[in-house]
Amino acid sequence: MQMYEMEDVIGDYTGLSRKAMEYGQTTKALVDAAKQPGFDSARWNEIGAFLDTNAFERVGNFKEVMDWPTYRDFLTGWAPTADWECSFKRVTEKGNLVLLELEERTTMGGMQNAVNSLSVYEFDDAGKIRHLDIYLQMPLPDPAMLAGYADVDIAG
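Going left to right, the sequence shown walks through residues 1 to 156 as UniProt numbering numbers them.
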């Protein structure tokens, strides 16, 4: 399957598909910015602008469930220690659902990992993300890659 850089294809999309892609681009920009001196964690509200923050639920890589405050705290701890980027594969939109397929690459502590991801975005009637499911295809990770999840309940 051919992959593209998000900035090369985002202009081809509108509606909720475009919003899901913009959410990803905002996440990338903030993960990069979090490594800079003086980064204000209030900037995570730029992601919050895409969400129904009162109803938001994210089910992540290890079936961990996070509401918006928990996810914001996770990003605050994870982003300064991780380099994250992605390439676009395809997007499908049906009703209030968007399925976004990416190849995601993360580097933490010198360890690199590449995964195929499928993120299922469920939007409310106002166009805000209320639920996000993350599915991954990956080789078994090095235990050091899991260090960022040390304080997350992944019992599922």
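Beta carbons are placed, not taken as given, at the ideal position from N, Cα and C, and that holds for glycine.
*asked:* Using a 10 Å radius around the Cβ and a threshold of 16 neighbouring Cβ atoms, would you call E7 buried or exposed?
replied: Along the sequence shown, one-based indexing puts residue 7 at 7. Result: exposed.
*Quick one: using the 10 Å Cβ neighbour count with 16 as the cut-off for buried, is A79 buried or exposed?*
Residue numbering aside, residue 79 sits at position 79 when the sequence shown is read from its first letter. Classification of A79: buried, given that the 10 Å Cβ count is 16 or more.
_Check whether the region 108 to 128 and the region 31 to 44 are in contact - that is, three or more C-beta pairs closer than 8 Å._
no
*Does the distance from the C-beta atom of A55 to that of R130 stay below 7 Å?*
Along the sequence shown, read from residue 1 onward, the residue named residue 55 stands at position 55. Along the sequence shown, read from residue 1 onward, the residue named residue 130 stands at position 130. Going by C-beta atoms, A55 is nearer than 7 Å to R130.
_Within 7 Å, strictly: CB atoms of Y135 and L146_ = As a working mapping, residue 135 is identified with position 135 in the sequence shown. As a working mapping, residue 146 is identified with position 146 in the sequence shown. No, the Cβ-Cβ distance between Y135 and L146 is not below 7 Å.
*Of the residues Y13, R72, E57, M66, the one placed nearest E46, counting alpha carbons only*: By 1-based counting over the sequence shown, the position of residue 46 is 46. Closest option to E46, Cα to Cα, is R72.
*Under 7 Å, do S17 and E122 count as touching if we go by C-beta distance?*
Counted from its first residue, the sequence shown places residue 17 at position 17. Counted from its first residue, the sequence shown places residue 122 at position 122. Not a contact, by the Cβ cut-off of 7 Å.
_CA-to-CA distance, Y13 to D125, given in whole angstroms_ = One-based indexing of the sequence shown puts residue 125 at position 125. One-based indexing of the sequence shown puts residue 13 at position 13. C-alpha separation (whole angstroms): 19 Å.
*Neighbour-count burial assignment, T81, 16 or more Cβ in a 10 Å radius*: Stepping through the sequence shown from its first residue, residue 81 is reached at position 81. Classification for T81: exposed.
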